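Student:
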Amino acid sequence: MFGRLMHYINGEWVPSRARKVKEIFNPATGEFLAKVPFATRREVDEAVRAAAAAFPAWREVPPVVRTQYLFQMKAVLEREFDEIARIIVQEHGKTLKEAQGELRRGIENIEVATGIPTLMQGYYAEDVARGIDEYLIRQPLGVVAVITPFNFPAMIPLWFIPYALATGNTVVLKPSERTPITMTYIMQLFDEEVGLPPGVLNLIHGNGDAATALIDHPDVKAVSFVGSTPVARKVYARAAAQGKRVQAQGSAKNPLIIMPDAAVERTVQAVLDSVYGNAGQRCLAASLVITVGEAREIFVPRLVEAAQQRVVGYGLDEGVEMGPVNSAESKARIERLIEEGVKEGARLLLDGRGASVPGYEKGHWIRPTILDGVPEGGTIFTTEIFGPVMGLMHADTLDEAIRIANRIPYGNMANIFTRSGAAARTFRHRIEAGNVGINIGVAAPMAFFPFSGWKESFFGDLHAQDRHAVEFYTQTKVVVERWFD
Ligand code: NAD
Numbered sequence: 101m102f103g104r105l106m107h108y109i110n111g112e113w114v115p116s117r118a119r120k121v122k123e124i125f126n127p128a129t130g131e132f133l134a135k136v137p138f139a140t141r142r143e144v145d146e147a148v149r150a151a152a153a154a155f156p157a158w159r160e161v162p163p164v165v166r167t168q169y170l171f172q173m174k175a176v177l178e179r180e181f182d183e184i185a186r187i188i189v190q191e192h193g194k195t196l197k198e199a200q201g202e203l204r205r206g207i208e209n210i211e212v213a214t215g216i217p218t219l220m221q222g223y224y225a226e227d228v229a230r231g232i233d234e235y236l237i238r239q240p241l242g243v244v245a246v247i248t249p250f251n252f253p254a255m256i257p258l259w260f261i262p263y264a265l266a267t268g269n270t271v272v273l274k275p276s277e278r279t280p281i282t283m284t285y286i287m288q289l290f291d292e293e294v295g296l297p298p299g300v301l302n303l304i305h306g307n308g309d310a311a312t313a314l315i316d317h318p319d320v321k322a323v324s325f326v327g328s329t330p331v332a333r334k335v336y337a338r339a340a341a342q343g344k345r346v347q348a349q350g351s352a353k354n355p356l357i358i359m360p361d362a363a364v365e366r367t368v369q370a371v372l373d374s375v376y377g378n379a380g381q382r383c384l385a386a387s388l389v390i391t392v393g394e395a396r397e398i399f400v401p402r403l404v405e406a407a408q409q410r411v412v413g414y415g416l417d418e419g420v421e422m423g424p425v426n427s428a429e430s431k432a433r434i435e436r437l438i439e440e441g442v443k444e445g446a447r448l449l450l451d452g453r454g455a456s457v458p459g460y461e462k463g464h465w466i467r468p469t470i471l472d473g474v475p476e477g478g479t480i481f482t483t484e485i486f487g488p489v490m491g492l493m494h495a496d497t498l499d500e501a502i503r504i505a506n507r508i509p510y511g512n513m514a515n516i517f518t519r520s521g522a523a524a525r526t527f528r529h530r531i532e533a534g535n536v537g538i539n540i541g542v543a544a545p546m547a548f549f550p551f552s553g554w555k556e557s558f559f560g561d562l563h564a565q566d567r568h569a570v571e572f573y574t575q576t577k578v579v580v581e582r583w584f585d
């Protein structure tokens, strides 16, 4: 359908000379979609050299002019919104509504980055000493590498690209080799209609080897990475050891606390959307639900009943609420983890294994699963499952629930459902997570806030989005100035 994908280097579509390729199939239908080549070291070098060559002229383009390209990007993405969302569904497996949601959140970052002329402003102090003034200006870094995961093929590249370009950097993007089609399609649109100068925005396809070559390239000054924690940790250490600026977002295991006073129906709905949205393949999926006191009796039966009714199927079909997981390997891994959870003493209240969807026999189906009594510190407690599995735990008090939640090694998101302002305040104050939801299932920050993972979920200092992105993609220069008569 999309053939053999090409790199986009220096404003040209370039076929890869790579012999290594990966075939991409629709995870619901099994239909063959594309072949993605794994860039050779030389191809990575060509992309970085093109970006480095484009940098001196691009940084001279005034920010108000650079943002005009961003307005154009937004216009193209809005026009092609439905088509792009459909491509996301086909290569990833999520539902059309979820794909539309992801693209909307991506476009939001373009909108925020169009404010760069203001966001990039420095500051000024007159008369720091007699007749001496001092001011701070921000300047771009050079070539930025953007390396992204499979689960949000459009949104995550768009967390970075608009800010990096608007601040005057040039970019080499390496999308996930598991979902490379969406950004290829988007780059085709940009190529045809946005008219960025050649080399300003480049795309190379490949796996971890291409990513590593990119990180190691001497002309790459900064690395924006999103993926799993073992890789994020390596990327952070590798880039930092070479003196590069790096932000590396990793995995998650998000706790969600339900207090006995929580609003029942709305909480059940929000919890399910959080756990099973994107079939659980999202770094902001609630994964461990901790009920406090009587919340156990009130909520557990309702959660089980509602999860059972979730409509599973192909994301492009009407009325479907949850798609397949992305690959046969993902499915096997998730099923293995469920088994492991049972062996460690958790009880299966709902077993989604062995699922099928009529008409889609080749799909990687798992239905909503619920494991009750997850032991603290065990595999399910510490491992990101990245599938439609809810782990349940129970605590007598809010204090105990917060203590349990804070033992999780990750800190991407944590949520509480309650009608008590005092409980919510205590939770917000003490919980060790960077994105916090209060009566919200998926606490995804808008683009004008930073995406603030903590602990094992993030390696670095400055996060994606908003002012953090502007800080990350610029270096400050402080000028102390005096004029003699
Ligand atoms: P992954 O770590 O397997 O791959 C991510 C990217 O890293 C891909 O582009 C891949 O090609 C590249 N890569 C692989 N090996 C590498 C290496 N040795 N060096 C450098 N790059 C390498 O992750 P995935 O399975 O594609 O994505 C899912 C993971 O991403 C989950 O753990 C999820 O929680 C996480 N994620 C985190 C956030 C967040 O904001 N914290 C957002 C989305 C996804």
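FYI, the numbering for the sequence shown is 101 to 585, going by the numbering used here.
Quick reminder that beta carbons are idealized off the backbone N, C-alpha and C, glycines included.
Since the model is a prediction, treat every value here as computed from it, not as a measurement.
(1) Runs of 4 residues minimum, wholly inside the region 243 to 273: which ones carry the alpha helix (DSSP H) assignment?
(2) Touching or not, the region 183 to 197 and the region 271 to 288, by the rule of three or more beta carbon pairs under 8 Å?
(3) Touching or not, the region 163 to 183 and the region 335 to 345, by the rule of three or more beta carbon pairs under 8 Å?
(4) List in chain order: all unbroken beta strand (DSSP E) runs of 3+ residues lying wholly within the region 165 to 250.
(5) Is the Cβ-Cβ distance between S552 and G350 less than 8 Å?
(6) Go to A332, then tell me how far its alpha helix (DSSP H) extends in each direction, as first and last residue.
(7) Name the two residues that bound the continuous beta strand (DSSP E) containing Q349.
(8) So, with DSSP's three-state summary, where would you put T469?
(9) For the beta strand (DSSP E) containing M283, list its first residue and its last residue.
(10) What is the rounded straight-line gap between the Cα of I502 and the Cα of H464?
(11) Going by DSSP, what residue range makes up the beta strand (DSSP E) through E112?
(12) Could you name the residues that DSSP lists as bridge partners for A494?
(13) Check G553 in the structure and name its three-state DSSP category.
(14) Would you kindly report the start and end of the unbroken alpha helix (DSSP H) that includes H568?
(15) Is V375 helix, strand or coil by DSSP?
(16) At 3 residues or longer, what runs of the beta strand (DSSP E) sit wholly inside the region 119 to 152?
(17) Could you check whether the Cβ of G268 sits closer than 7 Å to any heavy atom belonging to the ligand NAD?
(18) By DSSP's criteria, Q575 is part of a beta bridge. Which residues make up the other side?
(19) Quick check on this structure: which residue in P217, Y573, I480 has the alpha carbon closest to the alpha carbon of P162?
(20) Less than 8 Å between the C-beta atoms of A144 and I357, yes or no?
(21) Would the region 232 to 251 count as touching the region 320 to 328 if we require 3 or more Cβ pairs under 8 Å?
(22) Could you give the distance in angstroms between the alpha-carbon of N251 and the alpha-carbon of D566?
(23) Quick check on H305: does DSSP put it in helix, strand or coil?
(24) With a CB to CB cut of under 7 Å and the five nearest residues on each side skipped, what residues in its chain are close to K431?
(25) With DSSP as the reference, identify every bridge partner of R582, one or two as the case may be.
Tutor: With the given structure in hand:
(1) 255 to 266
(2) yes
(3) no
(4) 223 to 229, 232 to 240, 243 to 247
(5) no
(6) 329 to 341
(7) 345 to 349
(8) strand
(9) It is not in any beta strand (DSSP E) - M283 instead sits in the alpha helix (DSSP H) that spans 281 to 293.
(10) 35 Å
(11) 112 to 114
(12) The question names Ala, yet the displayed sequence has His at residue 494. According to DSSP, which records beta bridges pairwise, H494 is partnered with T391.
(13) coil
(14) 566 to 572
(15) helix
(16) 121 to 125, 132 to 137
(17) no
(18) Q239
(19) P217
(20) Checking the displayed sequence, the identity of residue 144 turns out to be Val instead of Ala. Not a contact, by the Cβ cut-off of 8 Å.
(21) yes
(22) 21 Å
(23) coil
(24) V425, H464, I466
(25) I232
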